[in-house]
Structure formats: C-alpha cells, structure tokens
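**Student:** Here's a structure for you.
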Amino acid sequence: MFGNKFRDSIREAGENGLVWNESDFVAYIAHPKKFLATFLNDSKAKSGMSFKLKKETDAKAVWAYLVSVGPEVEAD
68 MFGNKFRDSI REAGENGLVW NESDFVAYIA HPKKFLATFL NDSKAKSGMS
118 FKLKKETDAK AVWAYLVSVG PEVEAD
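Position 26 of the sequence shown, counting from 1, maps to 93 under my numbering, and the rest follow consecutively.
So, in structure tokens, the structure goes:
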C-alpha cells in the first residue's frame, strides 16, 4: 500500500530516537511529510499518511484520547 520510502522514513525516525510525545504528535499529524523531513533532516523523507489534522486543539484531543487508552507515557 505505501511505498518503501515511507516505511523507511518512519522506521528511520524511530531508529533515530523518535518517541512520540504530545508536541511531536501534534506536529506530525498537522504535516506528516514536513515533520519527518525535519526530524530526519532529509528533504526526501516520505509519509504515507494522507490525513492531516491542522487544528492544534483537535490534534491535542486525539493525543489525549490515545494516551487515555494506551500505555502510560511521560508528559512533555
């Protein structure tokens, strides 16, 4: 479904220390490709995510929901 570059970019981000927190999640969900390109310092980084959530309050609400149903995470 997604090209290899997406899988490589998101995997590389994890290998380079990306641990999701609220601020990174909000930045990613607003502009996935831009976030990965900036995080990886690679203008060719790709994101297979076509959905964007540009309203910060909405993105923070999604983050809060994910945190409420997922494993415990440290606060920013």
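We put the CB at the ideal spot given by N, CA and C, even for glycine.
Start and end of the alpha helix (DSSP H) containing Asp91?
**Tutor:** Run containing Asp91: Glu89 to Ala97, per the alpha helix (DSSP H) assignment.
**Student:** Can you give me the C-alpha to C-alpha distance between Ala94 and Trp130, rounded to a whole angstrom?
**Tutor:** Roughly 11 Å separates the two Cα atoms.
**Student:** What residue does the alpha helix (DSSP H) around Lys127 start on, and which one ends it?
**Tutor:** That run of the alpha helix (DSSP H) goes Glu123 to Val136.
**Student:** If you check the beta carbons only, do Leu144 and Ile96 fall under 8 Å apart?
**Tutor:** Because residue 144 is not part of the residues shown, which for the chain are 68 to 143, the question remains open.
**Student:** Does DSSP put Gly81 in a helix, in a strand, or in coil?
**Tutor:** Correct three-state label for Gly81: helix.
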